[in-house]
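Numbering (the UniProt record's numbering), first residue to last: 1 to 122. In this text, a Cβ means the ideal position worked out from N, Cα and C, and glycines have one as well. These figures come from a predicted structure and were not determined experimentally. To start, the structure itself, in structure tokens.
Okay, here's the thing in structure tokens:
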């Protein structure tokens, strides 16, 4: 095998490896905005109070997190979009989520910086 083919193969392998590493980092790396459920408490009328702590990499941008509640069977029985206003890196929010059945637990489905116009604070 000629020497130039070895170099060509090595260079192509290195470039492909770099592209694979970059794609993995973008898709599997830390989310720019995320939230953890801190507490939940059942309230009267198939309602649950949910406390979340949102963390983001850009505190100047507002975000939105989807919080959901589940019934006894584990099925989602209610969800709500919670506005995370611009401010600190960490933001604690408390919200009430209404449920179609008696809620037994709550969780955060996910967060994004793509705030819908109807939820915007401006």
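For residue j and residue i, believed in contact at Cβ under 8 angstroms, the rounded distance
| i | j | result |
| --- | --- | --- |
| residue 64 | residue 16 | Between residue 16 and residue 64 the Cβ distance is about 37 angstroms, and since that is not below 8 angstroms, they are no contact. |
| residue 86 | residue 59 | 7 angstroms |
| residue 77 | residue 100 | 5 angstroms |
Per DSSP, the bridge partner or partners of residue i
| i | result |
| --- | --- |
| residue 82 | 65 |
| residue 98 | 47 |
| residue 56 | 33 |
| residue 105 | 70 |
| residue 92 | 53 |
Under 8 angstroms between C-beta atoms of residue i and residue j
| i | j | result |
| --- | --- | --- |
| residue 70 | residue 109 | no |
| residue 34 | residue 55 | yes |
| residue 68 | residue 106 | yes |
| residue 38 | residue 53 | yes |
At a cut of 8 angstroms, does the region 15-34 reach the region 90-97 through at least three beta carbon pairs?
no
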